[in-house]
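Single-structure report; data block below.
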Amino acid sequence: MDVKFKEGDVVEGRITGVQSYGIFLKLTDECSGLIHATELEKLEMENPNRFYKIGQPLKVKILRIKPGGKQAVLRIQRSNGNRRRVGAKNFETESGFTRIKKELDKWVREAKDKNYI
Numbered sequence: 005m006d007v008k009f010k011e012g013d014v015v016e017g018r019i020t021g022v023q024s025y026g027i028f029l030k031l032t033d034e035c036s037g038l039i040h041a042t043e044l045e046k047l048e049m050e051n052p053n054r055f056y057k058i059g060q061p062l063k064v065k066i067l068r069i070k071p072g073g074k075q076a077v078l079r080i081q082r083s084n085g086n087r088r089r090v091g092a093k094n095f096e097t098e099s100g101f102t103r104i105k106k107e108l109d110k111w112v113r114e115a116k117d118k119n120y121i
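Just so we're aligned, residue 5 is where the sequence shown starts under the working numbering, counting upward by one.
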């Protein structure tokens with residue numbers, strides 16, 4: 005059976021490998037793919053072996069098919085439709101960069117008022 009995938013297809017594959025840089029899947033006997041670590045959520049990226057196991061089925065979206073059609077770049081198809089990738093904006097939490105940006109001027113003024121700097 006000759007299965008041809010195209011970009012944007014949502015398919016199910018089986019995990020064949022879990023590494024710190026990504027998750028490998030077998031889509032068919034002829035086609036495999038990789039979900040790069042940057043496509044994972046923060047907790048998944050920190051310890052992918054905690055969330056993904058070899059042999060586990062996983063629904064993915066095909067982002068790109070490499071020349072020759074035997075390898076694909078994938079993204080996990082989340083059931084809620086939300087896609088949250090790891091990136092700087094995902095680290096901007098109230099306890100992180102956003103708070104520093106909001107509070108830095110105030111903290112500098114307070115330090116100067118108390119003669120710390």
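Even glycine gets a Cβ: it sits at the ideal position worked out from N, Cα and C.
Give the DSSP bridge partners of residue i, in chain order.
i	result
E16	K63
L78	I39, I66
G21	F28
Buried or exposed, going by whether 16 or more other CB atoms sit within 10 Å of the CB of residue i?
i	result
V15	buried
A61	Per the sequence shown, residue 61 should be read as Pro rather than Ala. With fewer than 16 other Cβ atoms within 10 Å, it is exposed.
I104	exposed
I27	buried
E43	buried
Excluding the 5 residues preceding and the 5 following residue i in the sequence, name in chain order all residues of the same chain whose CB lies nearer than 7 Å to its CB.
i	result
E48	F55
G59	R18, I19
Got a sec? Which residues, its chain only, sit under 8 Å from residue i by beta carbon, not counting five neighbours each side?
i	result
P9	The residue asked about is misnamed: residue 9 is Phe in this sequence, not Pro. V15, L31, C35, I66, I69, G73, A76.
N53	V22
L38	G26, I27, F28, L29, Q75, A76, V77, L78
For residue i, I'd like the list of residues in its chain whose CB is within less than 6 Å of its CB, leaving aside the five on either flank, ordered along the chain.
i	result
K110	none
So residue i packs on residue j, CB below 8 Å; how close in whole Å?
i	j	result
Q81	K63	4 Å
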